[in-house]
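I have placed the structure first, in the form of structure tokens, so that the comments after it can refer back to it.
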Amino acid sequence: MSDLKTIKHVFLLGIGGIGMSALARYFKSAGMEVCGYDKTPTPLTKELVSEGINVVYEDRVSVLPEFVSGRGVNPEALVIFTPAIPKDHQQYNHLLSCGYRLWKRSEVLGLLTKGSPTIAVAGTHGKTTTSTMVAHILRHTGVNCTAFLGGISKNYGTNLLLGNREISGEIIVVEADEFDRSFLTLHPDIAVITSLDADHLDIYGDHNSMVTSYRQFAGQVKPTGTLIYKSGLPLGDIPVKSMTYSIEGQADFMATNIRVENSNYVFDLTHNGKTIPQFILSWPGRHNVENALAASAACYLHGIPFEEIKSAMYAFSGVHRRFDYQVRNSEVVYIDDYAHHPEELKATILSAKELYPGRKILGIFQPHLYTRTRDFADGFGASLSLLDELLLLDIYPARELPIEGVTSEIILNRVTIPAKGIVSKTNLVAQVLKSDASIVLTLGAGDIDTLVNPLKSALETKFQITAAG
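Position one of the sequence shown corresponds to residue 95 (our numbering), numbered consecutively onward.
Below, the structure is given as structure tokens:
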């Protein structure tokens, strides 16, 4: 299949994933029949159902939609799967035995972006925020833009922004995922690489192999395109035009004079010897200044003037579960964040310390994946030791089976602060309410998000306050 012109039906295995659900919404908007499987109902799958997308939760061949239920291949049907689907999955194996090619999300994105101007944002962290910022700036400045995002934009309440397909010049923004080397299906006009910290070592084996894949991604930028990357990343010789950005030193795009004013991060942007003052980022976190700089560089290279970028940036509301205020008051602040890598944890905790100096910070962390916990136990211990108090949940396994000897204890034993412990989900709220910390962080990429509303309600009741706006 070289294009999607013959497709009328789409079935997605793992439809509840943030990237997969964006594809489901896209194909539904194009008038196709869209169905999918996921193992449990979530707020996101319930939203999909409300939008007219059928979701099944049983792994049985008998519940497959009619367009893929027979023997043989329906040439008008597209089947997309997430690598997190286990290899003994009944529907997965039935579709393979029928002769279907099962497409990864990234491969479908490769088809969708083929022939369209594309901005792709990659990096072990920062890519969701940066790609959402890029999409917001383009939308805010009137650019015809479709964006496939890895998070829910708080400005638009969705992970999919739709442009006008009937008008030429539509630009596509994609979050380019390095998991399973997925991003190597893309050939962007503008690519951004935000970071290269070790991650997904269960896939890559070691950090050098991961860096090699990023170098391949850099080499896939179109010959007329540009790579934008954080200054200092070990990308070696880059075969296309490239530009750097930095919040700490010399680069093609620099954020300088970074400060906090009225709880907002403010910075000046310098490029080609010219400084544009007073970029105001109402969404907190010093690491988000770096993300904003990368997004600004990408949009500037697409032709958006800096003054328009600055105006759009001020109107940016953030991404769900990225430094996401749940409760904000003089007595208590509760922030929820998706951070699940040691560097992400460090950035989130240090941002909270910078915004709320001298206040006691309690962090609740749910480790994500046994392999990541094993590979980065020392890093997790160091980052979480920046807290004043820590509560650790059990590891969220996602796609993995347990590994002997790998539990949350191996992180706990490496944390150097005395106020630390392991807590169950059922006891979490009670434990948090016992703490005298005035800053509370929930951190992790698993199902810790299901605890956010109960914890938020409990804190609001304890302090008799209203939620953050």
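Built from N, CA and C at the ideal position, the CB exists for glycine as well. Being a predicted model, the structure only gives us computed values, none of them experimental.
What does the Cβ neighbour count give for residue i, buried or exposed, with the cut at 16 atoms within 10 Å?
i	result
residue 154	exposed
residue 344	exposed
residue 259	exposed
residue 267	buried
residue 458	buried
residue 310	exposed
residue 535	buried
residue 522	buried
residue 382	buried
residue 134	exposed
residue 332	exposed
residue 233	buried
residue 282	buried
residue 253	buried
residue 401	exposed
residue 558	exposed
residue 469	buried
residue 510	exposed
residue 269	buried
residue 119	buried
residue 261	exposed
Could you check whether residue j and residue i sit closer than 9 Å to each other, using their CB atoms as the reference points?
i	j	result
residue 201	residue 279	yes
residue 158	residue 121	no
residue 436	residue 473	yes
residue 386	residue 324	no
residue 161	residue 131	no
residue 196	residue 116	no
residue 327	residue 289	yes
residue 410	residue 231	yes
residue 166	residue 192	yes
residue 322	residue 336	yes
residue 228	residue 392	yes
residue 285	residue 319	yes
residue 245	residue 222	yes
residue 432	residue 425	no
DSSP three-state call for residue i: helix, strand or coil?
i	result
residue 230	helix
residue 561	Its pLDDT being 48, under 50, residue 561 is placed unreliably by the model, and the measurement read from it follows with that caveat. If DSSP states are grouped into helix, strand and coil, residue 561 belongs with coil.
residue 418	strand
residue 499	coil
residue 188	helix
residue 543	helix
residue 462	strand
residue 198	strand
residue 368	strand
residue 358	strand
residue 277	helix
residue 385	helix
residue 469	helix
residue 457	strand
residue 475	helix
residue 240	strand
Once you ignore the five residues that flank residue i on each side, which residues in its own chain have a CB closer than 7 Å to its CB?
i	result
residue 404	370, 373
residue 453	532, 533
residue 449	354, 357, 378
residue 529	456, 483
residue 179	107, 108, 186
Counting only the same chain and skipping the five closest in sequence on each side, list residues whose C-beta sits under 6 Å from that of residue i.
i	result
residue 207	266
residue 365	347
residue 551	none
residue 500	464, 467, 468
residue 360	353, 374
Please work out which residues of its chain come closer than 8 Å, Cβ to Cβ, to residue i, disregarding the five sequence neighbours upstream and downstream, and give them in chain order.
i	result
residue 462	434, 489, 490, 492, 538, 539, 540
residue 183	107, 153
residue 526	456, 458, 485, 534, 549, 552, 553
Taking the C-alpha atoms as reference points, what is the distance between residue i and residue j?
i	j	result
residue 419	residue 446	11 Å
residue 503	residue 485	11 Å
residue 237	residue 483	46 Å
residue 145	residue 127	12 Å
residue 412	residue 423	19 Å
residue 217	residue 397	23 Å
residue 545	residue 460	11 Å
residue 291	residue 302	10 Å
residue 367	residue 305	31 Å
residue 408	residue 430	22 Å
residue 147	residue 547	26 Å
residue 428	residue 256	32 Å
residue 110	residue 185	16 Å
residue 496	residue 466	12 Å
residue 214	residue 312	11 Å
residue 199	residue 248	23 Å
residue 390	residue 515	41 Å
residue 352	residue 362	7 Å
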